[in-house]
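*Asks:* Under full-length UniProt numbering, think of the first position of the sequence shown as 1, with each following residue one higher. Glycine included, every Cβ here is placed at the ideal spot set by N, Cα and C. Given the structure is predicted, the values throughout are model-derived calculations rather than measurements.
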Amino acid sequence: MSDTHGAAPAPDTGSGTGTGTGTPGYDGPVDRGAGTEKYKERGVVLRVLVYVIAGHLFAGFLWLLFYVGTRSHG
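As structure tokens, this is what we get:
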């Protein structure tokens, strides 16, 4: 017979290799490649794409201003 009459079971702290957060199976943050060369290359490509799109939108806006300005002196 057991000596733990009415005692609550011990909390599950995961697989034993985690940080003790109490979440079963949690072994800490997952490395998704942040800091690797491929991750940085994606960031550069995304940034260039955003800058190219923003530059074209700004150039189109300037072109529109000049177009409307030349038509208003008629």
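Return the Cβ separation of residue 33 and residue 26 in integer angstroms, given the expectation that the two are a contact with Cβ distance under 8 Å.
*Replies:* Against the sequence shown, residue 33 aligns to sequence position 33. Against the sequence shown, residue 26 aligns to sequence position 26. Contact doesn't hold; Cβ gap of about 20 Å is too wide.
*Asks:* Check residue 34 in the structure and name its three-state DSSP category.
*Replies:* For the purposes of this step, residue 34 is identified with residue 34 of the sequence shown, where counting begins at 1. Three-state DSSP puts residue 34 in coil, outside helix and strand.
*Asks:* Would DSSP call residue 51 helix, strand or coil?
*Replies:* Locating residue 51 in the sequence shown gives position 51, counting from the first residue. Three-state DSSP puts residue 51 in a helix.
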